[in-house]
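In what follows, a structure is listed as structure tokens, so that the remarks can point back to it.
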Amino acid sequence: MVYEAKSGHIGGSMSAVEIMTVLYSEFLNHDSERPDWPDRDRFIMSKGHATPVQYAVLSQFGYIPEDELKTFRQLGTRLQGHSVLGKPPGVENSAGSLGMGLSFGLGQRLGLRLKGSEANVFVLMGDGEHNEGQIWEAAMAASHHRVSNLIALIDLNGIQNDDFTEKTLNTNSLADKYRAFGWQVRDDIDGHNLASVREAFLWAQSVATEGPVALQFHTVKGKGVSFMENNPAFHGAPPSDEQFEQAMTELS
Amino acid sequence: MSNVPDEAATREALGPGLLKAAERSEIVVVDADLGKSTTARLIADQYPERFITFGIAEQNMASAAAGISTIGFTVVASTFAVFAEHAFDQWRMSVAQPNLNVKLFASHGGVSTGEDGASAQSVEDVGVFSSLVNFTVCVPADVVEAEAMVAAAVDNYGPWYVRLGRAKVPIIYENGSSFQVGQADTLREGNDVSIVACGLMVGRALQAAKLLSDDGIQARVINMSTIRPLDTATLFKAANETGAVVVAEEHLVHSGLGALCAQALASQNPVPMEFVGIQNRYGESGKWFEILELLGLTVDGITDATHRVLSRK
Numbered sequence: 004m005v006y007e008a009k010s011g012h013i014g015g016s017m018s019a020v021e022i023m024t025v026l027y028s029e030f031l032n033h034d035s036e037r038p039d040w041p042d043r044d045r046f047i048m049s050k051g052h053a054t055p056v057q058y059a060v061l062s063q064f065g066y067i068p069e070d071e072l073k074t075f076r077q078l079g080t081r082l083q084g085h086s087v088l089g090k091p092p093g094v095e096n097s098a099g100s101l102g103m104g105l106s107f108g109l110g111q112r113l114g115l116r117l118k119g120s121e122a123n124v125f126v127l128m129g130d131g132e133h134n135e136g137q138i139w140e141a142a143m144a145a146s147h148h149r150v151s152n153l154i155a156l157i158d159l160n161g162i163q164n165d166d167f168t169e170k171t172l173n174t175n176s177l178a179d180k181y182r183a184f185g186w187q188v189r190d191d192i193d194g195h196n197l198a199s200v201r202e203a204f205l206w207a208q209s210v211a212t213e214g215p216v217a218l219q220f221h222t223v224k225g226k227g228v229s230f231m232e233n234n235p236a237f238h239g240a241p242p243s244d245e246q247f248e249q250a251m252t253e254l255s
Numbered sequence: 007m008s009n010v011p012d013e014a015a016t017r018e019a020l021g022p023g024l025l026k027a028a029e030r031s032e033i034v035v036v037d038a039d040l041g042k043s044t045t046a047r048l049i050a051d052q053y054p055e056r057f058i059t060f061g062i063a064e065q066n067m068a069s070a071a072a073g074i075s076t077i078g079f080t081v082v083a084s085t086f087a088v089f090a091e092h093a094f095d096q097w098r099m100s101v102a103q104p105n106l107n108v109k110l111f112a113s114h115g116g117v118s119t120g121e122d123g124a125s126a127q128s129v130e131d132v133g134v135f136s137s138l139v140n141f142t143v144c145v146p147a148d149v150v151e152a153e154a155m156v157a158a159a160v161d162n163y164g165p166w167y168v169r170l171g172r173a174k175v176p177i178i179y180e181n182g183s184s185f186q187v188g189q190a191d192t193l194r195e196g197n198d199v200s201i202v203a204c205g206l207m208v209g210r211a212l213q214a215a216k217l218l219s220d221d222g223i224q225a226r227v228i229n230m231s232t233i234r235p236l237d238t239a240t241l242f243k244a245a246n247e248t249g250a251v252v253v254a255e256e257h258l259v260h261s262g263l264g265a266l267c268a269q270a271l272a273s274q275n276p277v278p279m280e281f282v283g284i285q286n287r288y289g290e291s292g293k294w295f296e297i298l299e300l301l302g303l304t305v306d307g308i309t310d311a312t313h314r315v316l317s318r319k
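Residue numbers (our numbering), protein chains in the order written: chain V, 4 to 255; chain G, 7 to 319.
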């Protein structure tokens, strides 16, 4: 998709593949035949640049015809560079400016609670994204209002746009911060090990009725392709022809 | 009717308006620790679960309001105008781009907040929110129109920005008067010049028209309380029939009602125009009416501008 479009954010998409796949296949209560079903679980993509993984997963689960993936970022496409609510149905929020997804998901949970629904809201955020102060406003409010069934998913890949997160703005322990804000937190998850990811979601399900939950997934940016792994150059750049061939060989 | 007040602040309409709206509509009111000042908190006693405070965190309030609206609620957010601007990108990306059903009632708009000084005075808010696609932007002339706007905002889909004021200003409309979004109200007929105003400048425009009439000048006074979408039909008719337009607003002249009227008229029927508003500066501390005086947002300011525009006709 990114190769065809000659633009897009591949590194932070590849770090979240297992998280998204396990979520959509085993935990998210959703139905592509009824994308507006009121009692569905919501998935909020806060790191809105990770549309390649979002569209790929939505396609796997029947929201997007596979052929359409080639239109990513092209004029006239539904598959915009950053997530746009309703394009296609199944995309639940607009994103791109970082730091807003947790607030949006918090609002959805508050609304669902008023309607008497226990539907879950999952919000995927990056670690670099946690530079944004708004996330901490939302973290405080979720805890204050004892918001249940709100599950923050943190893709801790250690790299942001320009450089490694610890060199750009060291967030130190995000897990400790969420704990201090009153959240229930797991920070021992291998985000590329399906069993570890699955076990974390099971735990989240078991405690989410008591209040907000944060799952911190240790991941590798550009996971699966040797020259992309842990390489800040592949935050927002597409592979060249040669790199594309090599990547496809490594992934197959 | 002796106990009916002759002046009131437009913010006083918000709480009572929301109480009425809550009877017929599924509204949720969100707040950023200013619910008493904006009067939105009035709803909390009767509908405690419909009033959600987010503390002093306007960015979170804006995006959360957007999230709540996707569940099927009409969401009303309130804070001060300057703090609404604090979360500009949240209003842009979380609310305006997906065109969600969130109404932002911003009180303490304009410079008439008075003593708090420049940081608390919004000279640019109407321009800021008019720059957002999908937003309806309104500034009521008095408390009666403001309450009708609360009802209209709740009953019409889409994002709205409504600027309310803190200063007690003359009541122009009779109780129960209606408000039609996108429809200007011609409060006084006249064919020599048109005075187009919004907010507290409407009352001043009516006073100015009275003085002008003593000089034999018949001014048409138009309350352009919907800034976006602008009622261009009424504006074009006024320009055609009177041949000169004065715009009066409690806002920077380069980005408010005057600029929008000038843009509209430039492509249809350019007539001489004058602008009574704030000229490229911020306000300062003082009594609200003193600040209006300092900035020329006065009856005299309007009559002077009228004489200038008539000399160019």
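C-beta atoms are modelled at their ideal positions from N, C-alpha and C, and glycine is treated no differently.
What residues in the segment 88-120 of chain G bring their beta carbon closer than 7 Å to a beta carbon of chain V?
D95, Q96, M99, S100, Q103 and P104
Measuring only between beta-carbons, confirm whether Q111 (chain V) sits less than 8 Å from chain G.
The residue you call residue 111 (chain V) lines up with position 108 of the first sequence. Closer than 8 Å to some Cβ of chain G, the Cβ of Q111 (chain V) qualifies, so yes.
Counting only runs that start and end within the segment 76-155 of chain V, where is the beta strand (DSSP E) found for 3 or more residues in a row?
124-129
M103 (chain V) versus chain C: which residues are under 7 Å apart at the beta carbon?
In the displayed structure, chain C is absent; the protein chains listed are V and G.
Take I228 (chain G) as the anchor and find which of G:V199, G:D220 and G:L25 has the nearest alpha-carbon.
Within the second sequence, the letter at position 222 stands for residue 228 (chain G). Closest by alpha carbon: G:V199.
Span of the alpha helix (DSSP H) around V149 (chain G):
Within the second sequence, numbered from 1, the residue matching residue 149 (chain G) stands at position 143. Its alpha helix (DSSP H) spans residues V149 to D161.
Is there a C-beta anywhere in chain G that falls below 8 Å from the one on E140 (chain V)?
Locating residue 140 (chain V) in the first sequence gives position 137, counting from the first residue. Cβ-Cβ to chain G under 8 Å: yes for E140 (chain V).
Quick check: does the Cβ of A141 (chain V) come within less than 7 Å of any heavy atom belonging to the ligand NAD?
For the ligand NAD, the structure offers nothing, since it holds no ligand at all.
Does E64 (chain G) come out as helix, strand or coil in the three-state DSSP assignment?
Here residue 64 (chain G) is taken as the residue at index 58 of the second sequence, counted from 1. Note: E64 (chain G) maps to helix in three-state DSSP.
Using a cut-off of 8 Å between C-beta atoms, extract the partners of I49 (chain G) located in chain V.
To locate residue 49 (chain G), count along the second sequence from 1; it is residue 43. Going along chain V, no residue has its Cβ under 8 Å from I49 (chain G), so there is no contact; the nearest lies around 14 Å.
Cβ closer than 8 Å: which chain V residues qualify as neighbours of T55 (chain G)?
For the purposes of this step, residue 55 (chain G) is taken as the residue at position 49 of the second sequence. Note that residue 55 (chain G) corresponds to Glu in the displayed sequence, not to Thr. Per Cβ cutoff of 8 Å: L117.
Considering only the beta carbon of each residue, do D165 (chain V) and T174 (chain V) sit closer than 8 Å?
As a position in the first sequence, residue 165 (chain V) is number 162, starting the count at 1. As a position in the first sequence, residue 174 (chain V) is number 171, starting the count at 1. No, they are not a contact pair.
Using the C-alpha atoms, what's the distance from V210 (chain V) back to V208 (chain G)?
In the second sequence, the residue the question calls residue 208 (chain G) occupies position 202. In the first sequence, the residue the question calls residue 210 (chain V) occupies position 207. Between V208 (chain G) and V210 (chain V), the C-alpha separation is close to 57 Å.
Closest by C-alpha distance to R189 (chain V), when choosing among V:D179, V:S151 and V:K90:
Residue numbering aside, residue 189 (chain V) sits at position 186 when the first sequence is read from its first letter. Ranking the options by Cα distance to R189 (chain V), first place goes to V:D179.
What are the residues of the segment 145-158 of chain V that lie near chain G, defined by any Cβ-Cβ distance shorter than 8 Å?
H147 and H148
With DSSP as the reference, label L263 (chain G) as helix, strand or coil.
Position 257 of the second sequence, counting from 1, holds the residue named residue 263 (chain G). Note: L263 (chain G) maps to helix in three-state DSSP.
Under 8 Å by beta carbon: chain V residues contacting F79 (chain G):
For the purposes of this step, residue 79 (chain G) is identified with residue 73 of the second sequence, where counting begins at 1. Neighbours of F79 (chain G) on chain V, chain order: G114 and L117.
DSSP three-state call for T85 (chain G): helix, strand or coil?
Counting from 1 along the second sequence, the entry for residue 85 (chain G) is found at position 79. Three-state result, T85 (chain G): strand.
Is P55 (chain V) helix, strand or coil by DSSP?
Start at 1 with the first residue of the first sequence, and residue 55 (chain V) comes out as number 52. In this structure, P55 (chain V) counts as helix in the three-state DSSP scheme.
Taking DSSP's pairing of strands, which residues face P165 (chain G) in a bridge?
On the second sequence, position 159 is the one that residue 165 (chain G) refers to. P165 (chain G) is not bridged to any residue.
Residues that G61 (chain G) contacts on chain V, provided the C-beta gap is smaller than 9 Å
Working through the second sequence from its first residue, we reach residue 61 (chain G) at position 55. Here the neighbours are E140, M143, A144 and H147.
Would V34 (chain G) count as contacting chain V if we go by Cβ distances under 8 Å?
In the second sequence, residue 34 (chain G) corresponds to position 28, counting from 1. V34 (chain G) counts as touching chain V.
Check each candidate in V:T74, V:S49 and V:F125 and name the one with the smallest Cα separation from A59 (chain V).
For the purposes of this step, residue 59 (chain V) is identified with residue 56 of the first sequence, where counting begins at 1. Looking at the Cα atoms, V:T74 is the closest of the given residues.
Ends of the beta strand (DSSP E) at T192 (chain G)?
In the second sequence, counting from the first residue as 1, residue 192 (chain G) sits at position 186. Per DSSP, T192 (chain G) belongs to the beta strand (DSSP E) from D191 to R194.
Please work out which residues of its chain come closer than 7 Å, Cβ to Cβ, to R98 (chain G), disregarding the five sequence neighbours upstream and downstream, and give them in chain order.
Position 92 of the second sequence, counted from the first residue, corresponds to residue 98 (chain G). So the list reads L138, once near-sequence residues are dropped.
Candidates V:R76, V:G89, V:F230 and V:R116, of which the one nearest M48 (chain V) by Cα:
The residue labelled residue 48 (chain V) in the question sits at position 45 within the first sequence. Nearest of V:R76, V:G89, V:F230 and V:R116 to M48 (chain V), Cα basis: V:G89.
What does a CB cutoff of less than 6 Å around V124 (chain V) pick up in its chain, not counting 5 residues either side in sequence?
Sequence index remark: in the first sequence, residue 124 (chain V) carries index 121 (1-based). R45, G108, Q111, R112 and L153.
When you compare the CB positions of A254 (chain G) and I178 (chain G), do they come within less than 8 Å of one another, or not?
As a working note, residue 254 (chain G) is residue 248 in the second sequence. As a working note, residue 178 (chain G) is residue 172 in the second sequence. Going by C-beta atoms, A254 (chain G) is not nearer than 8 Å to I178 (chain G).
Of all Cβ atoms in chain V, is any one closer than 8 Å to the Cβ of I74 (chain G)?
Counted from its first residue, the second sequence places residue 74 (chain G) at position 68. Chain V, which has a Cβ nearer than 8 Å to the Cβ of I74 (chain G), makes this yes.
Use the C-beta contact count for F230 (chain V): other C-beta atoms within 10 angstroms, 16 or more gives buried, fewer gives exposed.
By one-based count along the first sequence, residue 230 (chain V) stands at place 227. So F230 (chain V) counts as exposed.
Partners in chain G for S97 (chain V), counting only beta-carbon separations shorter than 8 Å
The residue labelled residue 97 (chain V) in the question sits at position 94 within the first sequence. Those are M99, S100, Q103 and P104, listed as they occur along chain G.
Roughly how many angstroms separate the alpha carbons of G225 (chain V) and I157 (chain V), rounded to a whole number?
Numbered from 1 along the first sequence, position 222 holds the residue referred to as residue 225 (chain V). Numbered from 1 along the first sequence, position 154 holds the residue referred to as residue 157 (chain V). If you take the alpha carbons of G225 (chain V) and I157 (chain V), they lie about 16 Å apart.
Please specify which runs of the beta strand (DSSP E), each continuous and at least 3 residues long, are wholly inside the segment 197-251 of chain G, giving them in chain order.
199-203, 225-229 and 232-234
Q246 (chain V) (DSSP reduced to helix, strand or coil)
Stepping through the first sequence from its first residue, residue 246 (chain V) is reached at position 243. Q246 (chain V): helix per DSSP, three-state reduction.
E32 (chain G) versus V187 (chain G) - alpha carbon distance
Start at 1 with the first residue of the second sequence, and residue 32 (chain G) comes out as number 26. Start at 1 with the first residue of the second sequence, and residue 187 (chain G) comes out as number 181. In a straight line, the C-alpha of E32 (chain G) is about 21 Å away from that of V187 (chain G).
What residues in the segment 74-97 of chain V bring their beta carbon closer than 8 Å to a beta carbon of chain G?
V87, L88, G89, E95, N96 and S97
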